[in-house]
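S.K.: Here my numbering is used: the first residue of the sequence shown is 3, the next is one more, and so on.
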Amino acid sequence: MTRKRIPLLAAAVTSAAVLIAGSPALADPGRGGDGHGGRSCDAEAPGAIGGDLGAHDPGLYAPCEDGEPWYVFATGWGPLGDGNITVRTSTDDGATWAYVDTVWDVKPAWLTEAVPGVDNLWAPEIVEDDGDFYLYYSASTFGNQRSVIGLATNTTLDPSDPDYEWVDQGLVWESNPGDPYNAIDPTVLQAGGDRYMAFGSWWSGIYMLELDWPSGKAASGADPVHVAGRGGAGIEAPALVKHGRYYYLFTSWDVCCAGADSTYNIRVGRSTSPTGPFTDRSGVALTEGGGTLVLGAHGDYVATGGQSIHNGLMAYHSYHEDGHFDLGIEEIQWKGGWPVLDGV
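#1: Which class does T281 belong to by DSSP, given the choice of helix, strand or coil?
#2: When DSSP labels each residue in this structure, what does G32 get in the three-state scheme?
#3: Count the other CB atoms within 10 Å of the CB of N267; is the residue buried (16 or more) or exposed (fewer)?
#4: Alpha carbon to alpha carbon, how far is V150 from R272? Give it in angstroms, no decimals.
#5: With DSSP collapsed to three states, give me the class of W112.
#6: Comparing alpha-carbon positions, which option in T294, A154, P276 and S275 lies nearest S284?
#7: Output needed for G278: all residues of its chain with C-beta closer than 6 Å, excluding positions within five of it in sequence on either side, in chain order.
#8: Of the residues T265, V296 and G325, which one's Cα is nearest the Cα of F252?
#9: Can you tell which of T77, S254, R148 and T158 has the C-alpha that lies nearest to the C-alpha of A125?
#10: Could you give the DSSP three-state label for A317: helix, strand or coil?
#11: What is the DSSP secondary structure of G202, counted as helix, strand or coil?
#12: Rounded to the nearest angstrom, what separates L86 and T281 at their Cα positions?
#13: Can you name the residues that DSSP bridges to P341?
#14: Using the Cα positions of T158 and D103, report the straight-line distance between them to the nearest angstrom.
#15: Ignore the nearest five residues each way along the sequence and tell me which others in T98's own chain have a CB closer than 8 Å to its CB.
#16: So for A221, helix, strand or coil by DSSP?
#17: Would you mind sorting G201 into buried or exposed? The rule is 16 or more other CB atoms within 10 Å of its CB.
#18: Assuming D397 contacts H322 under a Cβ cut-off of 8 Å, what Cβ separation, rounded to an integer in Å, is found between them?
#19: Residue range of the beta strand (DSSP E) that I128 falls in?
#20: Which residues share a DSSP beta bridge with E176?
#21: In or out: Y101 buried (at least 16 other Cβ within 10 Å) or exposed?
#22: With three or more C-beta pairs closer than 8 Å as the rule, is the region 170-177 touching the region 254-261?
#23: What residue range is occupied by the uninterrupted beta strand (DSSP E) comprising E238?
#24: Which stretch, first to last residue, makes up the beta strand (DSSP E) that contains I268?
#25: Quick one: using the 10 Å Cβ neighbour count with 16 as the cut-off for buried, is K337 buried or exposed?
#26: Sort G61, M210 and S222 by Cα distance to F135 and report the nearest one.
#27: Assign V169 to one of two classes, buried (16 or more other C-beta atoms within 10 Å of its C-beta) or exposed (fewer than that).
#28: Assuming A241 and I334 form a contact by the criterion Cβ under 8 Å, report the distance between their Cβ atoms to the nearest whole angstrom.
#29: Write down the C-beta distance between A348 and E332 rounded to the nearest angstrom, noting that I regard them as a contact closer than 8 Å.
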């Protein structure tokens, strides 16, 4: 099976406001941070959002401090910056979004050599650690298993800062035909002093890899662990969060990127260990096709997925019944130890 994608068309400039749940989370004494940088604050959901919402596979950075800029990194779009990762920012705590730039003007040479024919870079994840920023992303081509996960770093996200520069750190992980996974859609979790990267798409599903830190690369001798799969059916786009004593693994199921025919939906399982085993609310292992539905079709939207989590908020894209897609951001609420999204 392969991941299906389409070009990011006029959706890149849509301004529809959509998909926000601004109600406070239920009280939970075990509430914690998103696991990226070990922080334990919760950002406030912005309410209705507007501006440039054409962010596909959004990677969210939502600081808790009032007035600090928010950022969304997203899958590249061919006409912009050689298909590099796109950057959007909000200066009003996530309410209004504007396209800023691409991470690079031209892809690093090693990417085009490693993945011949690569066009757009996919599904970024942004991680902060003590003032340094790690941007993970994937490079592949439609329907092919030759894929790589790359890393870039920066000391600031502000393009006006004189120190702003995305430094290419090269390869983190790769896949080739015959591997049980496809090396795309990276996400990073901090668990105590350890960091893990979950990745994967279709084939046998989602895998977890231990990282070396602060290099951000694969740990020496690390071997990917299978943490979720559907027997070759659609599963991809992992996202991870620690809440209370559990680690939660979110994935996107079924068909993305088919406009109004998309069937994407967000599913979840949990574990007391960052590497699993993860089970859904019914006790079914995620490696055996388990996954509790969190959000799929809602309102005028036929599909939802490509999720990212930061400081208690989840960003995702949803496909509208007219075929375009929009960015959504809402607070993760918790009921009975399980996450709830409203999609409104």
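All C-beta atoms in this analysis are idealised placements derived from N, C-alpha and C, irrespective of residue type, glycine included. None of the values given here were measured: they were computed from a predicted structure.
M.R.: To lay it out plainly:
#1: strand
#2: In this predicted model, G32 has a pLDDT of only 35, less than 50, meaning its place in the structure is not dependable enough to derive any value.
#3: buried
#4: 27 Å
#5: helix
#6: T294
#7: V229
#8: V296
#9: T77
#10: strand
#11: strand
#12: Sequence check: residue 86 is Asn here, not Leu. When rounded, the distance between both Cα atoms is 36 Å.
#13: W336
#14: 15 Å
#15: I51, G52, G53 and S92
#16: coil
#17: It is Phe, not Gly, that sits at residue 201 in the sequence shown. By the neighbour-count rule (16 or more Cβ atoms within 10 Å), F201 is buried.
#18: This structure gives no information on residue 397, because the portion of the chain shown stretches from 3 to 346.
#19: L123 to D131
#20: V150
#21: buried
#22: no
#23: I237 to H245
#24: N267 to S273
#25: exposed
#26: G61
#27: exposed
#28: In fact, because the Cβ distance is near 10 Å, the residues do not count as touching under 8 Å.
#29: Nothing about residue 348 can be reported from this structure: the residues present for the chain run from 3 to 346 only.
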